[in-house]
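Worksheet: one structure, shown below.
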Amino acid sequence: MDANRVIEQINEHTLSVVENFIKLKKAGSNYKACCPFHNEKTASFSVNPAKGIFKCFGCDKGGNAIEFIKEHEGVEFKEAVEIGAKILNISFEWKKSTNFDEAKFKHEESLRIACSIIEKFYLEQVNHKEAQAYIQERKLAIPENGSFNIGYAPSGNALLVHARNSGLKTEILEEVGVLKSADNGLYDFFRNRLIFPVSNSKGQTIAFAGRDLNENPKVKYMNTPESCIYTKGDELYALNVARFAIQKEDRAYIVEGYSDVLRMHDIGIENTVATCGTALTQAQAKLLKRYTNKATLIFDGDAAGLRATDRNAEILIKNKFHVSVVLLPEKQDPDSTFVDHDIFLQYDETQSDYVVFKTESYSEKFANDPVKKSEAIKRMASLISCYDRTNQEVYLDFVSELIKPKKAWQDALKEYAQPIEKKPKKKENISEIIKLKKEQQENLLENQYYEENGAYYTMEGKNPKQISNFTFEALFCVFHKDPQGGIDLKYVLRLMSQYGRKRLAIISSDDFCTPASFKKQVHRRHGFFWYGNDSQLDNIKNVKLLGIPEAKELERVGFNEKNSFWVFANGLYYKKAFHPIDEYGITTHATLINNMDEFDNVPPESQIRINDTFHVLNTTAEFIGRYGKEKLESSIRQGQVHLLHFFYLPYGKALKIGSSDGGNPFKENSKYVKPKKGSSWSFSKWAASMIKIYPGNAELLIAYYISTIFSDLIYKANFGYFPLLFLSENDSQVKVPQLGASCICLASHQWKMELTLHQVVQVRVCSVVWIQLPTIRFGAMSTRIAYTKTLLKH
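Dropping the structure here:
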């Protein structure tokens, strides 16, 4: 067996190893005995199974299982590993292990030891008045079993001072991430924050999270960056404490935040772990699968919490978990709701199987919509198909009662049925089966698909199978607010058929969930066909959607206080330069990164510009390793490193997200009037021309536009309503859309009108065309009147 895995297994079973040498007695969640390393009558030696460590409070000896063997038997590291392997009946010999990197192991061990020292330092500060005031005010539950070690980071450089006084290597603390460097030297990363140590499943502290205690923090939680001992997507918070209870109860409760976990453990629900604000990953699901295949999701009782429940349930079910959900009231979370064990039990009794719960939700939501019902059946069938045949039959009885007919479910399950894979008699090279280019072979081996002649293919046995007649390029994605106020993620794709046809397509994140919904969306573009199944779609989108720009939709024109730039219908203005939108309505805003501390907080999959080159940052640690830390620090000092923010404005020529056909709402887009830069046109000249071209309608439109300056007053005086503008078409079918387009140009940057445009008013035209008018809002009445007079004068 691999030496690294043997070492992990020995340290995972510290309790079993120590019990092989001395007799232990259970004391709460720990085990005690008289110390074997010095003479004593009162037991001061303790083993904490959750953290995988021993500690004597008399002689101060402590460490993991291997450290215990070394100390007890008086042997070196390698012999201690062999002894530990024998205790656990693991067949292992050093001479047969060729891939063990001792230098790497020692370096990683030094980081873990440093994390343990840092954890102790923060724990000793937790009685600080700032920390205790926050804990008492928030009624933060801290379990008394000593497994969480919640600490406090004081203001200033307390840790740096402690490290220097204690002789700790500051470069190790920098690598962990608790110290940062700047031009004027080292400083503490965490200041005035409550500290949550993050442990791996073996109980070794490997990272830290800090909660800002200020009243209105800019960044509520900060985490130390990833390192050679810590990858965020591989760990679950509190699994080291919860794993024994999870095995015993054969169920894991999954919550979102640190305080939620603390509350659950405090009231006795010790089989609880947290995702800590991120969606579950495949690695986390597989890690949890070591202990159970049953999970109950308890997330916040709001729309975001329900979306998180859906995402995490899908990951778990695809890893063959049986998933249940507990629903909380809106604006509530586990920490605020479960104040005692009895209240938790009341909610726990209401938990529902996720598949049944979601199907029931669909049946109510789409009661009168056959198409949506059909899509719901296909989505839920794709999840049910992840289970074995017996479970599928049981689920079929439940869900077919909620949404009929049963045959539709049976047909959908057949579509998603997993083929029984026969073991090949001989391991064959792909190149022997089918002639592929090297790049295609690599893509097929790694991602289970390849591209050829403008289409996607996979392998079915020894034969290539075509799963589409097109390929696509993901241009960007937009966080779009729908009419109900919800946030929907939209992907903008360029479809390219094998016959040379090209189309733009807007695919929502929901439409990417199942082949049926994806197939429907691409078929609407005429001539684009998808034949693949669920896993094939997942394989392609996991490659194609990685690292694409994420654009935030700007809802208002005018000054954007959050980003300190001006928003116009045709671009952004900042730092004395105008940045126009491209044909899709996308423009960028570059933020200078001033130091490595700021760089560590850059989100994954962000785009970084260094000089004139662009880079996709998968994780901070990965990018620094790839680019080089010294080289990056030098580029930052020279002001060459920028974080790119992408923004979307719905005025691009090529598409408009949110419209029914994905096109611009103005049918005559080429006639979208934009005055030339430096134009001498005044408001009165513009208004006179409008009246000449659009008699009747223009007068009403101009008066309406001026009235929007006082929209808030009209809204209040009119019992919460502001009128819609209705215009009638006279001689031409295109004049009304052109009229709206011309009015929107008042918000164009090229007119350089110094207006604070506050919101967008929806204007209905002839019950067919919707146009958007920029609405001006000023605070003081005198300012509004003065502006109106100036406008009319010119």
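Numbering (numbering that gives the first Met the number 0), first residue to last: 0 to 793. Using N, Cα and C, we set each Cβ at its ideal position, and we do this for glycine too.
Taking a 10 Å sphere around the C-beta of HIS479, we find 16 or more other C-beta atoms and assign the residue as buried. In this chain, HIS37 is not harboured by any alpha helix (DSSP H), its DSSP state being neither H nor E. ASN222 sits in a strand when the DSSP states are folded into three classes.
The three-state secondary structure of GLN465, taken from DSSP, is strand.
Residue pairing of LEU185 in beta bridges, as defined by DSSP: SER180. Of the other Cβ atoms in all chains shown, fewer than 16 fall within 10 Å of the Cβ of LYS406; this residue is therefore exposed. At a cut-off of 3 residues, not a single continuous stretch assigned as beta strand (DSSP E) sits fully inside the stretch 370-422. Contact check for PRO514 against LEU536 passes: the beta carbons are separated by less than 8 Å. With respect to LYS85, PHE76 sits apart: the two C-beta atoms are not nearer than 8 Å. Around the C-beta of LEU591, fewer than 16 other C-beta atoms lie within 10 Å, and the residue is accordingly described as exposed.
Here the stretch 227-237 makes contact with the stretch 255-272; the two share three or more CB pairs at distances below 8 Å. By DSSP's assignment, GLN606 forms a beta bridge with VAL615, LEU643. Of all alpha-carbon atoms in GLU72, LEU545, GLY83, the one lying nearest the alpha-carbon of SER15 is that of GLY83.
Residue state for VAL125 is assigned as coil, using DSSP reduced to three classes. Here the C-alpha atom of ASP332 lies approximately 27 Å from the C-alpha atom of LYS128.
Note that the stretch 180-187 does not touch the stretch 33-48; fewer than 3 beta-carbon pairs, one per stretch, sit closer than 8 Å. For the pair THR336 and GLU92, the Cα-to-Cα distance works out to about 52 Å. Put simply, the stretch 167-180 does not touch the stretch 195-203. Fewer than three CB pairs are less than 8 Å apart. Excluding sequence positions up to five before and after THR169, its CB lies within less than 7 Å of the CB of ALA162, LEU178, LEU185, all in the same chain and listed in chain order.
Going by beta carbons, ARG192 and GLY166 fall outside the 8 Å limit. Burial check for GLN283: the Cβ neighbour count within 10 Å reaches 16 or more, so the residue is buried. Under the DSSP assignment, LEU631 falls outside any beta strand (DSSP E), being part of the alpha helix (DSSP H) whose first and last residues are 628-636. Distance from the CA of TYR448 to the CA of LEU110, rounded to the nearest whole angstrom, comes to 40 Å.
Per DSSP, ASP211 is one residue of the beta strand (DSSP E) stretching across 204-211. Considered as a whole, the stretch 46-119 harbours 52-55 as its complete beta strand (DSSP E) runs of no fewer than 3 residues, in chain order.
In this structure, the beta-carbon distance from GLU582 to GLY651 falls below 8 Å.
Here LEU412 really is in contact with ILE383; their C-beta atoms are around 6 Å apart, less than 8 Å. Bounds of the alpha helix (DSSP H) holding ALA686 are 682-692. Straight across, the Cα-Cα distance linking CYS512 with ARG378 is about 7 Å.
For LYS25, the three-state secondary structure derived from DSSP is strand. Here PHE622 has LEU616 as same chain residues with Cβ atoms under 6 Å from its own Cβ, once five neighbours each way along the sequence are excluded. Pairing THR308 with LEU296 gives a Cβ-Cβ distance under 8 Å.
Judged by DSSP in its simplified three-state form, LEU648 adopts coil rather than helix or strand.
If the five residues before and after ALA697 are omitted, its C-beta is found closer than 6 Å to the C-beta atoms of MET689, ILE690, all from its own chain and listed in chain order. Residue range 514-522 is occupied by the alpha helix (DSSP H) that includes ALA515.
DSSP lists SER323 as the bridge partner or partners of ASP352.
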